[in-house]
Each structure stands twice: as C-alpha cells, then as structure tokens.
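Under the working numbering, the first residue of the sequence shown is numbered 809, with each subsequent residue one higher. Structure first, commentary second.
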Amino acid sequence: MGRKPKKNDSLPGSLDMLILRTLSLRDLHGYGIVQFIQQSSGNELLIEEGSLYPALQRLELNGWIEGDWGVTSNNRRARIYKITVEGRKQLAIETRQYAKLTLAIAHVMGME
C-alpha cells in the first residue's frame with residue numbers, strides 16, 4: 809500500500825537552504841523561522857520541530873549560523889539565530905544548485 813504524501817515531503821535537501829534564506833532576511837528564533845517559511849510559502853511548506861532543530865544544530869556546527877540566547881518580542885527567552893558570512897556564501901551556492909535542479913526538472917516535465 810502506498811503512503812499519502814505530506815506537504816513537506818519536498819523538503820529533503822532544501823530545508824537548510826530555506827533556513828539560511830530566512831535568516832538572511834532577519835535574525836529569528838526557531839518558531840519564528842518555522843512561521844516565516846510557512847507564511848511565505850502560503851502554508852505549503854510545513855516544518856516540524858523534529859526536522860528544524862537538528863537542521864539548526866547542523867547549520868551551527870558548519871559555521872553557517874550562530875545562535876545566542878535572547879528575549880523574543882513577547883518577553884520569552886529563546887535562542888535567536890543569525891546567518892554568518894560563511895552562511896551567506898553557502899546560501900548562494902545552494903541557491904544556484906537549486907535553480908539548476910528545478911530547471912532540469914522543468915525540462916523533463918516539458919514545462920520549459
């Protein structure tokens with residue numbers, strides 16, 4: 809029996825890029841990143857905590873983002889993430905790779 813695809817099945821491999829893109833626009837805490845991506849995608853991209861926090865840890869270990877404890881707009885203590893210079897370079901690389909991939913898929917699908 810086949811499984812019903814979830815809305816975020818298209819995310820593997822692109823979550824890091826989406827997080828980097830979001831943080832290139834503004835510093836945010838984890839929940840803010842999820843909300844921004846969800847709202848920006850018209851609720852098509854749904855990110856669960858089980859995917860988000862390992863991705864944030866991976867990005868931080870790679871030196872592409874930095875997280876520091878701070879206070880949110882509603883006075884809650886949270887880890888606020890910001891993109892680093894190396895993270896901006898990585899975002900540019902991933903954006904180019906993604907553009908090539910989507911163009912190739914469009915060609916195969918007869919959309920180009």
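Glycine included, C-beta positions come from ideal geometry on N, C-alpha and C.
{"Item": "Looking at the unbroken beta strand (DSSP E) that takes in E874, where does it start and where does it end?", "Value": "873-879"}
{"Item": "Mind checking Y889: buried by the 16 CB within 10 Å criterion, or exposed?", "Value": "buried"}
{"Item": "Rounded to whole angstroms, what is the Cα-Cα separation between L853 and I841?", "Value": "12 Å"}
{"Item": "May I ask which residues mark the beginning and end of the alpha helix (DSSP H) holding R829?", "Value": "823-833"}
{"Item": "Going by beta carbon distance, what residues of the same chain come within less than 6 Å of L826, once the five residues before and after it are set aside?", "Value": "I845"}
{"Item": "Going by alpha carbons, who is nearest to R884 out of S832, G871, L836, L823?", "Value": "L836"}
{"Item": "Cβ of Y861 within 8 Å of Cβ of G895?", "Value": "no"}
{"Item": "The alpha helix (DSSP H) with R896 in it runs from where to where?", "Value": "893-916"}
{"Item": "Applying the criterion that 16 or more other CB atoms from any shown protein chain within 10 Å of the CB defines a buried residue, is A900 buried or exposed?", "Value": "exposed"}
{"Item": "Rounding to the nearest angstrom, what Cα-Cα distance links Q898 and W872 in this structure?", "Value": "7 Å"}
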